[in-house]
Amino acid sequence: MLDLLTLHEAAAALRLSERALYDLVRRREMPCARIGGRWLFPRAALAAWVAARVEGPAPHDPPPILAGSDDPLLAWALRESRCGLALLAEGSLAGLDALAEGRAVLAALHVPDPDGGGWNVPLIEARLPHAGLVAIGWAARTQGLIVPDGNPAGLAAVADLARQGLRVALRHPRAGSHALLTHLLSEAGLRLDALTIGVRDAPDHAAIAAAVAEGRAEAGFGIRAAAAALRLGFVPLIEEHFDLVMRRRDYFRNDVQALLHFARAPAFAERAARLGGYDVRRLGAVMLNQ
């Protein structure tokens, strides 16, 4: 069924008088049809007519870039799906900035709300309110302490990172993992400056794991998959939500849909299981729809 408006309804929707609307119809400036002696206006055509007359620069298509958090499962899916999206892994906060500034079509986030309001959505709503965004669930990931095989220091909690003589490998400040570690330390009554930093500003989780494997740090904070890749020990601390954020209009882009379609295939779940530390049951769930 077509969604049709009467002259009265269309005038009310456009905030015009019926006379002003009729004048537009008479001059054939308005999409409408005369059926059974009445003027009818398709709602979709009316919306398109208004959009075409909005003043100001037309929105440009962002480049095919997925910016934000580092994630090995996401990087693998981008390659294997051949969706055409490039990965710019500079951290969750940098990814959200890239999305806001039109430098990326997608942002990958995993940032906790310090007030206990869940993951990612509070940050999005605070930084980009009413921006017409949608957040789609990608995976739940296990974050924790990456330690040498066998966990020789016997680490069991985030507070153990403050032990004297224990060097810690850290991500850079714009990474979601850095924000999460700071949050967990705060819950334990500690500040980041209570730690002895062995490696600072690691670019990704693989670098955290490498620092532990090479003896440059006795522990690092990162995902289980990074520890498993180098056969290191791992102390699980928290399961986080990793989401993809985009403008609603970009959800239907071919490259975005190609990535999401690939992620629904059995090979994706199999890869997640092999990497370890992933739960992909929330894939595709709508976490935010502004």
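To convert a position in the sequence shown, counted from 1, into the numbering used here, add 24.
All residues carry an ideal CB built from backbone N, CA and C; glycine is no exception.
Keep in mind that this is a model prediction, so the values were computed, not measured.
For residue i, the first and last residue of its enclosing alpha helix (DSSP H)
i    : result
N278 : N278 to A287
N119 : Rather than Asn, the amino acid found at residue 119 in this sequence is Gly. Taken as a continuous stretch (DSSP letters only), the alpha helix (DSSP H) holding G119 covers S116 to A124.
R295 : P290 to L299
R103 : P96 to S105
Buried versus exposed, by CB contacts within 10 Å (16 or more), residue i
i    : result
V310 : exposed
H229 : buried
V74  : exposed
R154 : A quick correction: the sequence has His, not Arg, at residue 154. H154 should be labelled exposed.
E264 : buried
L249 : As written in the sequence, residue 249 is Ala, which differs from the Leu given in the question. Buried, since its Cβ has 16 or more Cβ neighbours within 10 Å.
I170 : buried
D217 : exposed
A71  : exposed
M25  : With a pLDDT of 45 at M25, under the threshold of 50, the modelled position of this residue cannot be trusted; read the value that follows with caution. Classification for M25: exposed.
S116 : buried
I160 : buried
R277 : buried
N144 : buried
G301 : buried
A57  : exposed
A82  : Any reading at A82 must be qualified, since the residue scores a pLDDT of 46, below 50, and its modelled position is unreliable; the value itself is stated next. Flag for A82 reads exposed.
H202 : buried
H32  : exposed
W213 : A quick correction: the sequence has Gly, not Trp, at residue 213. Burial call: exposed.
I247 : buried
H134 : buried
G140 : exposed
R271 : buried
G168 : buried
P197 : exposed
R377 : With the chain covering only 25 through 314, there is no way to say anything about residue 377.
D47  : exposed
Residue range of the beta strand (DSSP E) that includes residue i
i    : result
A36  : First-last for A36: L31 to L38, but that is the alpha helix (DSSP H), not the beta strand (DSSP E).
W63  : R62 to P66
V269 : G257 to R271
D47  : Note, D47: premise wrong, no beta strand (DSSP E); alpha helix (DSSP H) at E42 to R50.
G200 : No beta strand (DSSP E) contains G200, which is instead part of the alpha helix (DSSP H) from G200 to E211.
V182 : Element bounds for V182: n/a, residue is neither H nor E.
L194 : R191 to R195
A241 : Segment: none, A241 is in no beta strand (DSSP E) and carries neither H nor E.
R248 : No beta strand (DSSP E) holds R248; the alpha helix (DSSP H) holding it covers R248 to A253.
N92  : Sequence inspection shows Gly at residue 92; the Asn mentioned does not correspond to that position. It spans I89 to G92 - the beta strand (DSSP E) in which G92 sits, taken as one unbroken run.
R109 : With the sequence shown as reference, residue 109 is identified as Leu, and Arg is not the correct amino acid for it. Where L109 is concerned, there is no enclosing beta strand (DSSP E), given that its DSSP letter is neither H nor E.
D274 : Taken as a continuous stretch (DSSP letters only), D274 belongs to no beta strand (DSSP E), as it is neither H nor E.
L133 : L130 to L133
L216 : Note, L216: premise wrong, no beta strand (DSSP E); not H, not E.
V304 : That residue, V304, is in no beta strand (DSSP E); it is neither H nor E in DSSP.
R127 : R127 -> no beta strand (DSSP E), and no H or E assigned at all.
Nearest-angstrom Cβ-Cβ length linking residue i and residue j, presumed shorter than 8 Å
i    : j    : result
T220 : L261 : The Cβ separation is near 19 Å, so there is no contact.
L254 : A233 : 5 Å
A37  : L28  : Contact flag wrong, Cβ pair sits at about 12 Å.
A287 : L312 : That pair is no contact at about 18 Å.
W100 : L268 : Not a contact, Cβ separation roughly 15 Å.
A113 : S93  : 7 Å
R215 : L208 : Not quite, the Cβ-Cβ distance comes to about 12 Å (not below 8 Å), so this is no contact.
V158 : V280 : With 8 Å as the limit, V158 and V280 do not qualify as a contact, their Cβ atoms being about 10 Å apart.
Heavy atom of the ligand NAP within 7 Å of residue i beta-carbon
i    : result
R240 : The ligand NAP is not part of the structure shown, which contains no ligands of any sort.
Item to check | the stretch 136-152 in contact with the stretch 178-198 per 3-pair CB rule at 8 Å | outcome: no
Checklist entry - Is the stretch 81-98 close to the stretch 112-124, with three or more CB pairs under 8 Å? => result yes
Item to check | Length at least 3, wholly inside the stretch 138-179: the beta strand (DSSP E) runs in chain order | outcome: 157-171
Checklist entry - Counting pairs of Cβ atoms below 8 Å between the stretch 191-198 and the stretch 233-250, do you hit three or more? => result yes
Next on the checklist: Three Cβ pairs or more, each shorter than 8 Å: is that satisfied between the stretch 96-110 and the stretch 283-295?
Outcome noted: yes
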